[in-house]
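J.: Supplied in C-alpha cells, the structure appears directly below.
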Amino acid sequence: MTDKAAMSNIELNNDKSHALVSVNPQIYDKEIIYSAAYAMIDRAYIVIDGDPEKKVLVEIRPKDSSNDAGQLALEFNEELINYAVYKSQARQNKDLRKAIINLAFTANSVSDICSNDNETYIDDPEGIAKPWTPQEK
Amino acid sequence: MDSVQTDQDENIVKIKLNLDFYSIEDVLVATKDFFDFGQINMTVDDKNNNVIITIAPKDKDDGLETIGHEFCNYVLGMTKNR
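Residue numbers (the numbering used here), protein chains in the order written: chain D, -7 to 129; chain U, 22 to 103.
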C-alpha cells in the first residue's frame, strides 16, 4: 500500500475518523469530482467544500469501522484519475461514436426492413390472421 | 470543515453545504425527501454562499450525525445524476 503521508493531498484528522482530500480543480473538474465521490458513497460519507476555482476539499468519513479513512482517501485519488481518463477518452472518441450511432440509425430504418414487396406483414401465408370464433354446436 | 454539527441537548443536526458544489434545487428536493425523519428548516447564508439545513429527528434513537451525513450523500447523488 502507498504511504499515506507521502500523498501531499491527503490529511488525516487526529483520531483518524475522517480524511480531507485536496483536489486541484484545474486538473479535475467538478463532474470528475462528483463521479469519484459518488463511486464511494456506499462505503463513506462525503462532503465537498472549498473554492471551485482554487482548491476543492473533499471530506471522506468511513461509514463503519471496517473501512480506513486513509485507505478510502487513496481510493478516491484513484477514482479521480479513473474518471479523468474516461472523460478524456470519451472526448477523443466523440466523433467516431457519433458516426457509429448515425450509421446504426440510418441502416435500421423501417423502409429498409419492409423493402421486400413479396413478404409484407399484410400477406398471410399461414392463414393465421383470421380471428378465432367458437364453433356452433 | 465542520459541515455536519450536532447538538445532543436540542436533538438537532445542522448541515452546511457549499452552494458552489450543491445546487439549491437538489437541496430542496433532498429536504422534501427527508421530511419523514422529522422537522427540517433551511436557511441560506448569502455571505458565505452556503445553505444550512437543520433537522430535528422525530425518533431520538436515530443517530444525529448519521442523518446529517446521509443527507449530504443524498444531495451528492442527485447532483451527480443531474
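From the three backbone atoms N, C-alpha and C, an ideal C-beta is built for every residue, glycine too.
Could you spell out the range, first to last residue, of the beta strand (DSSP E) harbouring Asn5 of chain D?
T.: Mapped onto the first sequence, residue 5 of chain D falls at position 13. Looking at the DSSP string, Asn5 of chain D is not in any beta strand (DSSP E), and its letter there is neither H nor E.
J.: Between Val39 of chain D and Val15 of chain D, is the Cβ-Cβ spacing less than 8 Å?
T.: To locate residue 39 of chain D, count along the first sequence from 1; it is residue 47. To locate residue 15 of chain D, count along the first sequence from 1; it is residue 23. Contact flag unset, no.
J.: On the three-state DSSP scale, how would you describe Gln81 of chain D?
T.: For this step, residue 81 of chain D is matched to residue 89 along the first sequence. Three-state DSSP puts Gln81 of chain D in a helix.
J.: Using a Cβ cut-off of 7 Å, pull out every chain U residue sitting near Ala29 of chain D, in sequence order please.
T.: Taking the first sequence and counting its residues from 1, one reaches residue 29 of chain D at position 37. Within chain U, the residues near Ala29 of chain D are Leu97.
J.: Please report whether the beta-carbon of Pro44 of chain D lies at a distance below 8 Å from any beta-carbon of chain U.
T.: By one-based count along the first sequence, residue 44 of chain D stands at place 52. It does: the Cβ of Pro44 of chain D has a partner Cβ on chain U nearer than 8 Å.
J.: Taking buried to mean at least 16 other C-beta atoms within 10 Å of its own C-beta, is Asp(-5) of chain D buried or exposed?
T.: As a position in the first sequence, residue -5 of chain D is number 3, starting the count at 1. Note that Asp(-5) of chain D scores 47 on pLDDT, short of 50, meaning its location in the model is unreliable; the coordinates nonetheless yield the value given after this. Asp(-5) of chain D comes out exposed.
J.: Is there contact between the stretch 70 to 88 of chain U and the stretch 9 to 27 of chain D, where contact requires at least three CB pairs shorter than 8 Å?
T.: Short answer: they don't touch.
J.: Between Val22 of chain U and chain D, is any beta-carbon pair separated by less than 8 Å?
T.: Along the second sequence, read from residue 1 onward, the residue named residue 22 of chain U stands at position 1. For the record, residue 22 of chain U in the displayed sequence is Met; it is not Val. At least one chain D Cβ lies under 8 Å of Met22 of chain U.
J.: At 3 residues or longer, and completely inside the stretch 22 to 63 of chain U: list those beta strand (DSSP E) runs for me, N to C.
T.: Segments of the beta strand (DSSP E) lying fully in the stretch 22 to 63 of chain U: 25 to 28, 33 to 39.
J.: Quick one: is Tyr37 of chain D near chain U, going by C-beta distance under 8 Å?
T.: Indexing the first sequence from 1 puts residue 37 of chain D at position 45. It does: the Cβ of Tyr37 of chain D has a partner Cβ on chain U nearer than 8 Å.
J.: Kindly indicate which three-state DSSP category Asn71 of chain U falls into: helix, strand or coil?
T.: If you number the second sequence from 1, residue 71 of chain U lands on position 50. Looking at Asn71 of chain U - three-state DSSP - the assignment turns out to be strand.
J.: Are the CB atoms of Ala36 of chain D and Lys55 of chain D within a distance shorter than 8 Å?
T.: As a first step, residue 55 of chain D is located in the first sequence; it is residue number 63 there, counting from the start. As a first step, residue 36 of chain D is located in the first sequence; it is residue number 44 there, counting from the start. Result yes, Cβ atoms of Lys55 of chain D and Ala36 of chain D sit closer than 8 Å.
J.: In whole angstroms, what separates the C-alpha of Met(-7) of chain D from that of Phe42 of chain U?
T.: Position 1 of the first sequence, counted from the first residue, corresponds to residue -7 of chain D. Position 21 of the second sequence, counted from the first residue, corresponds to residue 42 of chain U. Summary for Met(-7) of chain D: the model assigns pLDDT 40, below 50, so the residue's position carries little reliability; its value from the coordinates is reported in the next sentence. Straight-line Cα distance between these residues: approximately 31 Å.
J.: Name, please, each residue of chain U whose Cβ falls closer than 8 Å to the Cβ of Glu67 of chain D.
T.: Mapped onto the first sequence, residue 67 of chain D falls at position 75. Ordered by position in chain U, no residue passes the 8 Å Cβ test against Glu67 of chain D, which lies about 16 Å from the chain.
J.: Go ahead and label Gly42 of chain D buried or exposed: buried means 16 or more other beta carbons lie within 10 angstroms of its beta carbon, across all protein chains shown.
T.: Counting from one through the first sequence, the residue named residue 42 of chain D turns up at place 50. When all chains shown are included, Gly42 of chain D counts as buried.
J.: For Lys79 of chain U, which residues in chain D fall below 7 Å Cβ to Cβ?
T.: As a first step, residue 79 of chain U must be located in the second sequence, where it is residue number 58. Per Cβ cutoff of 7 Å: no residues; Lys79 of chain U is ~22 Å from chain D at best.
J.: Check whether the stretch 79 to 91 of chain D and the stretch 0 to 7 of chain D touch, using three or more Cβ-Cβ pairs below 8 Å as the test.
T.: At 8 Å Cβ cutoff, the stretches do not touch.
J.: What's the C-alpha gap between Glu31 of chain U and Ser24 of chain U?
T.: As a working note, residue 31 of chain U is residue 10 in the second sequence. As a working note, residue 24 of chain U is residue 3 in the second sequence. If you take the alpha carbons of Glu31 of chain U and Ser24 of chain U, they lie about 18 Å apart.
J.: Between Asn62 of chain U and chain D, is the shortest Cβ-Cβ distance under 8 Å, so that the two count as touching?
T.: Translated into positions along the second sequence, residue 62 of chain U becomes position 41. No, Asn62 of chain U lies away from the interface with chain D (no Cβ there is under 8 Å from its Cβ).
J.: Can you give the Cα-Cα distance for Ile73 of chain D and Asp115 of chain D, rounded to whole angstroms?
T.: Position 81 of the first sequence, counting from 1, holds the residue named residue 73 of chain D. Position 123 of the first sequence, counting from 1, holds the residue named residue 115 of chain D. Near 58 Å, if we compare the C-alpha coordinates of Asp115 of chain D and Ile73 of chain D.
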